[in-house]
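Colleague: One structure, pasted below without further comment.
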Amino acid sequence: MTELHDEYNRLRGDYYGLPLSDDVNFFADFGTEVVSKVILDLERGKAADIVGLSAEHLLFCHSVLSMVLSKYFQLIILSSYVPAGFNFQV
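Just so we're on the same page, this note's numbering is the position in the sequence shown counted from 1, plus 214.
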(Lines of atoms letter the chains of each structure in order from A and count residues from 1; the text may use other names and numbers.)
(Lines give C-alpha, C1' and ligand atoms only; values in the text may rest on other atoms or scores of the structure.)
Protein backbone atom coordinates (compact mmCIF):
# COMPACT_ATOMS: atom_id res chain seq x y z
CA MET A 1 0.00 0.00 0.00
CA THR A 2 2.84 2.42 0.71
CA GLU A 3 4.24 1.78 -2.78
CA LEU A 4 1.00 2.96 -4.32
CA HIS A 5 0.97 6.02 -2.07
CA ASP A 6 4.58 6.83 -2.98
CA GLU A 7 3.82 6.47 -6.70
CA TYR A 8 0.80 8.77 -6.35
CA ASN A 9 2.88 11.44 -4.61
CA ARG A 10 5.63 11.14 -7.23
CA LEU A 11 3.17 11.54 -10.12
CA ARG A 12 1.25 14.34 -8.44
CA GLY A 13 4.33 16.52 -8.10
CA ASP A 14 4.57 17.02 -11.87
CA TYR A 15 0.84 17.19 -12.59
CA TYR A 16 -0.48 20.37 -14.24
CA GLY A 17 -3.91 19.27 -15.43
CA LEU A 18 -5.08 18.20 -18.85
CA PRO A 19 -2.78 19.05 -21.75
CA LEU A 20 -3.80 22.14 -23.67
CA SER A 21 -4.98 21.72 -27.22
CA ASP A 22 -3.77 23.80 -30.15
CA ASP A 23 -7.35 23.83 -31.42
CA VAL A 24 -8.81 27.34 -31.68
CA ASN A 25 -12.16 26.10 -30.33
CA PHE A 26 -10.59 24.76 -27.13
CA PHE A 27 -11.74 27.81 -25.15
CA ALA A 28 -15.25 27.83 -26.59
CA ASP A 29 -16.45 26.27 -23.31
CA PHE A 30 -15.42 29.44 -21.48
CA GLY A 31 -17.02 31.85 -23.90
CA THR A 32 -18.88 34.94 -22.82
CA GLU A 33 -22.24 33.32 -23.56
CA VAL A 34 -21.55 30.39 -21.26
CA VAL A 35 -20.42 32.64 -18.43
CA SER A 36 -23.51 34.81 -18.91
CA LYS A 37 -25.77 31.76 -18.77
CA VAL A 38 -24.13 30.52 -15.57
CA ILE A 39 -24.60 33.94 -13.98
CA LEU A 40 -28.26 34.02 -15.06
CA ASP A 41 -28.81 30.55 -13.60
CA LEU A 42 -27.50 31.51 -10.14
CA GLU A 43 -30.06 31.17 -7.38
CA ARG A 44 -31.22 34.48 -5.95
CA GLY A 45 -31.68 35.18 -2.27
CA LYS A 46 -28.78 33.06 -1.04
CA ALA A 47 -26.33 34.27 1.58
CA ALA A 48 -23.28 36.24 0.50
CA ASP A 49 -19.88 34.57 0.35
CA ILE A 50 -16.91 35.27 2.61
CA VAL A 51 -16.15 38.63 0.93
CA GLY A 52 -19.80 39.72 0.80
CA LEU A 53 -20.48 38.88 -2.85
CA SER A 54 -23.91 37.46 -3.66
CA ALA A 55 -25.60 36.23 -6.82
CA GLU A 56 -27.46 39.53 -7.10
CA HIS A 57 -24.17 41.39 -7.42
CA LEU A 58 -23.35 39.37 -10.54
CA LEU A 59 -26.88 39.38 -11.91
CA PHE A 60 -27.33 43.15 -11.78
CA CYS A 61 -23.81 44.31 -12.65
CA HIS A 62 -22.65 45.66 -16.01
CA SER A 63 -22.87 43.19 -18.88
CA VAL A 64 -19.14 43.49 -19.59
CA LEU A 65 -18.45 41.36 -16.50
CA SER A 66 -19.25 38.18 -18.44
CA MET A 67 -16.55 39.02 -20.97
CA VAL A 68 -14.02 39.90 -18.28
CA LEU A 69 -14.70 36.68 -16.36
CA SER A 70 -14.48 34.65 -19.56
CA LYS A 71 -11.05 36.10 -20.36
CA TYR A 72 -9.98 35.60 -16.74
CA PHE A 73 -10.90 31.90 -16.79
CA GLN A 74 -9.08 31.47 -20.10
CA LEU A 75 -5.99 33.08 -18.58
CA ILE A 76 -6.17 30.72 -15.60
CA ILE A 77 -6.22 27.74 -17.95
CA LEU A 78 -3.43 29.05 -20.17
CA SER A 79 -1.14 29.84 -17.24
CA SER A 80 -1.99 26.64 -15.29
CA TYR A 81 -2.21 28.81 -12.19
CA VAL A 82 -5.21 29.15 -9.89
CA PRO A 83 -5.08 32.26 -7.65
CA ALA A 84 -4.81 31.54 -3.93
CA GLY A 85 -8.07 33.43 -3.27
CA PHE A 86 -10.06 30.71 -5.03
CA ASN A 87 -9.74 28.40 -2.01
CA PHE A 88 -11.63 30.59 0.49
CA GLN A 89 -14.42 28.72 2.20
CA VAL A 90 -16.80 29.55 4.99
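For every residue, glycine included, the Cβ atom is placed at its ideal position computed from N, Cα and C.
Please go through the same chain and pick out, in chain order, the residues whose beta-carbon is closer than 7 Å to the beta-carbon of leucine 283, but skip the five residues on each side of it.
Modeller: For leucine 283, where only same-chain residues beyond five positions count, the Cβ hits under 7 Å are Val249.
Colleague: Does the distance from the CB of leucine 272 to the CB of isoleucine 253 come in under 8 Å?
Modeller: A contact, by the Cβ cut-off of 8 Å.
Colleague: Quick check on serine 280: buried or exposed, where buried means 16 or more other Cβ atoms within 10 Å of its Cβ?
Modeller: Serine 280 is buried by the Cβ-count criterion.
Colleague: Measure the CB-CB distance between phenylalanine 274 and phenylalanine 244 and report whether it falls below 8 Å.
Modeller: No.
Colleague: Hey, would you say alanine 269 sits closer than 8 Å to leucine 289, going by beta carbons?
Modeller: Not closer than 8 Å, so no.
Colleague: My output table needs one value for aspartate 228: the three-state DSSP class, helix, strand or coil.
Modeller: Note: aspartate 228 maps to coil in three-state DSSP.
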